[in-house]
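*Asks:*
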Ligand code: WT7
């Protein structure tokens with residue numbers, strides 16, 4: 069499955085474009101299926117509908133677990149590194165992981181979960197989170213992992229959107245020197261979640277929690293009631309595997325739906341090729357399993373490849389900013405995958421914090437989540453990689469399921485700030501504003517993908533119309549990811565950033581609309597507009613323009629309250645860095661807020677605001693500039 073040379077990449081890529089079905093057929097052959105497919109691909113993006121490996125039967129956990137038992141049952145599947153370096157790491161072999169997954173799958177069954185039920189998972193980065201995800205997959209339940217930094221309101225919205233039947237959570241979580249009371253937050257959420265019939269609580273922090281005997285059961289007590297035999301449920305290739313929410317530019321979060329067969333094939337294929345993972349290597353992705361990066365490249369991709377994957381409970385700054393490197397040394401990490409925002413934060417600290425540790429096992433460095441700036445790229449290359457590790461800058465999304473544009477470590481060339489070339493099977497194009505494909509190699513435009521790949525999200529849970537509108541309507545017959553890109557003369561892509569109202573803050577994808585809605589909930593607020601502006605460490609930060617009611621005192625207390633309302637509704641990550649009270653917002657005659665102007669003001673780029681004469685209320689622009697922060 070792994071490509072070994074540049075020449076081979078070129079040949080394989082060519083084949084994958086000329087005959088995608090034949091190409092993916094040969095890749096899929098290398099997995100364990102209960103029954104093979106009748107047809108590789110069927111699609112119609114006018115609907116839009118995409119199906120891969122039609123009528124094939126499988127269970128993804130048989131690929132992630134059972135098939136490794138014979139040859140590498142004793143090999144370590146997961147190395148779990150705790151928040152506190154004084155606590156012992158866990159080394160879980162494939163055999164043990166298989167057994168834990170089967171046991172917990174039985175716990176789920178005992179608590180009423182059956183195939184097709186949705187299970188919400190709101191947990192810290194403990195090894196049991198990976199076990200829970202796989203246990204759902206084992207019995208054909210659909211997991212919906214909600215990042216444990218989200219607020220109770222955000223959690224409730226996600227539980228209700230998917231009408232989840234069971235919630236898996238923990239008493240609390242350790243992250244750095246912070247303890248987050250997950251159970252309290254979950255309890256608050258459940259006040260508005262009538263579909264939840266059971267909450268299974270993992271004990272991690274041992275803090276005091278309230279207990280609802282008709283709903284709550286302890287994870288460890290439930291485990292005492294089961295054995296570790298659990299045959300895998302037979303799934304259709306196109307059955308749902310999971311739902312994962314991502315922010316949209318408007319309204320509520322989008323529950324992206326991924327299916328079993330294609331997702332399995334693509335995450336394993338991309339994992340092995342991009343990271344050039346070799347058997348025995350130790351691979352570490354620092355993401356949280358609450359994001360797609362964790363789903364695809366901590367759990368499914370590595371495990372279906374028989375890899376050893378590191379899971380880290382903590383944060384890069386605890387006990388100090390050397391923690392990542394300490395963990396790399398301790399576990400002899402070979403491939404290290406993190407986000408530009410983490411790199412920028414680490415680069416602010418003295419390099420002695422790196423030099424203290426032996427990083428000689430590192431072979432490959434990766435980045436994901438947002439464009440990486442030149443400076444951060446070189447810092448990563450110089451100080452972490454010692455100029456001997458290729459850097460894979462992997463462009464992809466929750467919706468794409470797997471990495472789409474990236475160099476293959478040491479096989480194709482990397483280029484600072486460029487994601488570089490598409491993976492085999494991926495056909496990116498650049499479009500101009502009318503949707504015409506730009507034929508020149510060196511060009512800048514809107515990024516789109518013109519042919520299906522196996523791990524594309526198939527729909528938005530409960531809202532296929534929105535799926536169609538967001539991804540397939542702007543440019544017919546193309547998947548539209550919402551990013552702009554430029555291409556150099558060699559065909560390398562550099563992602564230039566979002567072309568819609570999504571802002572990436574510290575690698576978290578945030579829609580501005582839900583933040584505005586939250587701010588507008590404040591009783592003293594009439595209306596607001598939120599935009600991103602460049603930030604040294606976070607990449608982008610949020611700037612909120614807020615209009616208050618007449619007579620309201622616009623003071624620090626109100627700023628604090630506005631930030632709090634955002635934190636409570638969405639999560640601390642969405643709190644605006646800057647809040648400016650304004651008399652009005654620049655609007656077009658059709659009533660649309662002219663965000664372009666607000667973005668420029670927030671970015672201190674007011675020399676060229678463009679034409680403001682078409683505005684309904686050009687006078688407000690003066691006021692906004694005069695009082696900008
Ligand atoms: C958006 C998707 C994929 C997992 C993490 C984020 C941006 C992602 C890169 C990259 C430039 C990137 C894009 C994309 N993005 N990777 N290597 N270079 N931009 O997943 O939350 O679904 O966000 O992240 O704007 O559309 P996500």
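Residue numbers (the numbering used here): 69 to 697. Backbone N, C-alpha and C fix where the C-beta goes; we use that ideal spot for every residue, glycine too.
1) Could you give the residue range of the alpha helix (DSSP H) that holds residue 229?
2) Would residue 600 be called buried (16 or more neighbouring beta carbons within 10 Å of its own) or exposed?
3) Three-state secondary structure (DSSP) at residue 640?
4) Let me know if residue 90 comes out buried or exposed under the rule of 16 or more other beta-carbons within 10 Å of its beta-carbon.
5) Pairing CB atoms from the stretch 103-113 with CB atoms from the stretch 140-157, are three or more of them under 8 Å?
6) Alpha helix (DSSP H) containing residue 207: first to last residue?
7) With respect to 6 Å, is the separation between the Cβ of residue 490 and the closest non-hydrogen atom of the ligand WT7 below this value?
8) Mind checking whether the beta-carbon of residue 465 lies closer than 6 Å to any heavy atom of the ligand WT7?
9) Could you tell me which residues DSSP pairs with residue 526 in its beta bridges?
10) Can you tell me the Cα-Cα spacing of residue 178 and residue 292, whole angstroms?
11) Check whether the stretch 296-308 and the stretch 274-281 touch, using three or more Cβ-Cβ pairs below 8 Å as the test.
12) Would you identify the three-state DSSP class for residue 107, choosing helix, strand or coil?
13) Quick one: which unbroken beta strand (DSSP E) runs of 3-plus residues sit fully inside the stretch 599-679? Chain order, please.
14) Is any non-hydrogen atom of the ligand WT7 found closer than 6 Å to the C-beta of residue 577, if you look at the structure I gave you?
15) Please determine, among 410, 437, 202 and 313, the residue with the shortest C-alpha to C-alpha distance to residue 328.
16) Can you tell me the Cβ-Cβ gap for residue 485 and residue 442, rounded? I've got them flagged as a contact below 8 Å.
17) If you run the structure through DSSP and keep just helix, strand and coil, what is residue 353?
18) Take residue 183 as the anchor and find which of 189, 190 and 173 has the nearest alpha-carbon.
19) From the DSSP output, read off the bridge partner residues of residue 535.
20) So, are the CB atoms of residue 116 and residue 536 less than 7 Å apart?
21) The ligand WT7 heavy atoms versus the CB of residue 534: any closer than 6 Å?
22) Count the CB pairs spanning the stretch 640-660 and the stretch 609-618 that are closer than 8 Å, and state whether there are at least three.
23) Tell me whether residue 327, by its Cβ, gets closer than 6 Å to a heavy atom of the ligand WT7.
24) Compute the Euclidean distance between the alpha carbons of residue 331 and residue 469, then round it to the nearest angstrom.
25) Using a Cβ-based criterion (distance less than 6 Å to any ligand heavy atom), does residue 437 qualify as near the ligand WT7?
26) Suppose you measure from the CA of residue 339 to the CA of residue 370; what does that come to, to the nearest Å?
27) Would you please state the rounded distance, in angstroms, between the beta carbons of residue 219 and residue 638? I believe it to be under 8 Å.
28) To the nearest whole angstrom, what separates the beta carbons of residue 272 and residue 192, a pair I think is in contact under 8 Å?
29) Look at residue 145 and residue 165 and say whether their C-beta atoms are less than 7 Å apart.
30) I'd like to know whether the C-beta atoms of residue 194 and residue 234 end up nearer to each other than 7 Å.
31) Since residue 680 and residue 315 should fall inside the 8 Å C-beta cutoff, what is the C-beta to C-beta distance between them, to a whole number of angstroms?
32) Under a Cβ-count criterion, where at least 16 other Cβ atoms within 10 Å of its own Cβ denotes burial, should residue 509 be classed as buried or exposed?
33) What is the DSSP secondary structure of residue 188, reduced to helix, strand or coil?
34) Just checking residue 412 against the ligand WT7 - is the residue's beta carbon closer than 6 Å to any of the ligand's heavy atoms?
35) If I'm right that residue 214 touches residue 189 with Cβ under 8 Å, what's the distance once you round it to whole angstroms?
36) Residue 120 and residue 522: beta carbons closer than 7 Å?
*Replies:* Taking the coordinates as given:
1) Taking the first residue of the chain shown as 1, we reach residue 229 at position 161. Where residue 229 is concerned, the enclosing alpha helix (DSSP H) stretches over 220-229.
2) The residue you call residue 600 lines up with position 532 of the chain shown. By the neighbour-count rule (16 or more Cβ atoms within 10 Å), residue 600 is buried.
3) The sequence position of residue 640 within the chain shown is 572, counting from 1. Helix, per DSSP.
4) Reading the chain shown from its first residue, position 22 is the one you call residue 90. Its Cβ having fewer than 16 others within 10 Å, residue 90 is exposed.
5) no
6) Taking the chain shown and counting its residues from 1, the one referred to as residue 207 is at position 139. 195-207 is the span of the alpha helix (DSSP H), which, as asked, contains residue 207.
7) Here the question's residue 490 lines up with position 422 in the chain shown. No; taking the cut-off as 6 Å, the Cβ of residue 490 has no heavy atom of the ligand WT7 nearer than that.
8) As a first step, residue 465 must be located in the chain shown, where it is residue number 397. Result yes, Cβ under 6 Å from the ligand WT7.
9) Position 458 of the chain shown, counting from 1, holds the residue named residue 526. Answer is none; residue 526 lacks a bridge partner.
10) For the purposes of this step, residue 178 is taken as the residue at position 110 of the chain shown. For the purposes of this step, residue 292 is taken as the residue at position 224 of the chain shown. Cα-Cα distance, rounded: 12 Å.
11) no
12) Your numbering for residue 107 matches position 39 in the chain shown. Three-state DSSP puts residue 107 in a strand.
13) 607-616 and 646-649
14) In the chain shown, residue 577 corresponds to position 509, counting from 1. For the ligand WT7, at least one heavy atom lies less than 6 Å from the Cβ of residue 577.
15) Within the chain shown, residue 328 is the residue found at index 260, counting from 1. Nearest option by C-alpha distance: 202.
16) Start at 1 with the first residue of the chain shown, and residue 485 comes out as number 417. Start at 1 with the first residue of the chain shown, and residue 442 comes out as number 374. Rounded, the Cβ-Cβ distance is 5 Å, consistent with contact.
17) Start at 1 with the first residue of the chain shown, and residue 353 comes out as number 285. Three-state DSSP puts residue 353 in a strand.
18) The residue you call residue 183 lines up with position 115 of the chain shown. For residue 183, the nearest C-alpha among the options comes from 173.
19) The count along the chain shown starts at 1 and reaches residue 535 at position 467. In the DSSP output, where bridge partners are listed per residue, residue 535 has none listed.
20) Numbered from its first residue, the chain shown carries residue 116 at position 48. Numbered from its first residue, the chain shown carries residue 536 at position 468. Against a cut-off of 7 Å, the Cβ pair of residue 536 and residue 116 comes out as a contact.
21) The residue you call residue 534 lines up with position 466 of the chain shown. Not so, every heavy atom of the ligand WT7 lies at least 6 Å from the Cβ.
22) yes
23) Here residue 327 is taken as the residue at index 259 of the chain shown, counted from 1. No, the beta carbon of residue 327 sits no closer than 6 Å to any heavy atom of the ligand WT7.
24) Translated into the one-based positions of the chain shown, residue 331 becomes position 263. Translated into the one-based positions of the chain shown, residue 469 becomes position 401. Using only the alpha carbons, I get a separation of about 7 Å.
25) To locate residue 437, count along the chain shown from 1; it is residue 369. Yes.
26) Here residue 339 corresponds to residue number 271 of the chain shown, with the count starting at 1. Here residue 370 corresponds to residue number 302 of the chain shown, with the count starting at 1. So the two alpha carbons sit approximately 7 Å from each other.
27) Position 151 of the chain shown, counting from 1, holds the residue named residue 219. Position 570 of the chain shown, counting from 1, holds the residue named residue 638. With a Cβ gap of about 6 Å, residue 219 and residue 638 count as contacting.
28) For the purposes of this step, residue 272 is taken as residue 204 along the chain shown, with counting starting at 1. For the purposes of this step, residue 192 is taken as residue 124 along the chain shown, with counting starting at 1. Their Cβ separation, rounded to whole angstroms, is 6 Å, which keeps residue 272 and residue 192 in contact under 8 Å.
29) Walking along the chain shown from the start, residue 145 turns up at place 77. Walking along the chain shown from the start, residue 165 turns up at place 97. Contact flag set, yes.
30) Against the chain shown, residue 194 aligns to sequence position 126. Against the chain shown, residue 234 aligns to sequence position 166. Not a contact, by the Cβ cut-off of 7 Å.
31) Taking the chain shown and counting its residues from 1, one reaches residue 680 at position 612. Taking the chain shown and counting its residues from 1, one reaches residue 315 at position 247. Residue 680 to residue 315, Cβ: 29 Å. No contact.
32) In the chain shown, residue 509 corresponds to position 441, counting from 1. Residue 509 comes out exposed.
33) Locating residue 188 in the chain shown gives position 120, where the first residue counts as 1. Strand, per DSSP.
34) Against the chain shown, residue 412 aligns to sequence position 344. Not under cutoff, so the answer is no.
35) The count along the chain shown starts at 1 and reaches residue 214 at position 146. The count along the chain shown starts at 1 and reaches residue 189 at position 121. Rounded, the Cβ-Cβ distance is 7 Å, consistent with contact.
36) Taking the chain shown and counting its residues from 1, the one referred to as residue 120 is at position 52. Taking the chain shown and counting its residues from 1, the one referred to as residue 522 is at position 454. Yes; because the gap between Cβ atoms is below 7 Å, this pair is in contact.
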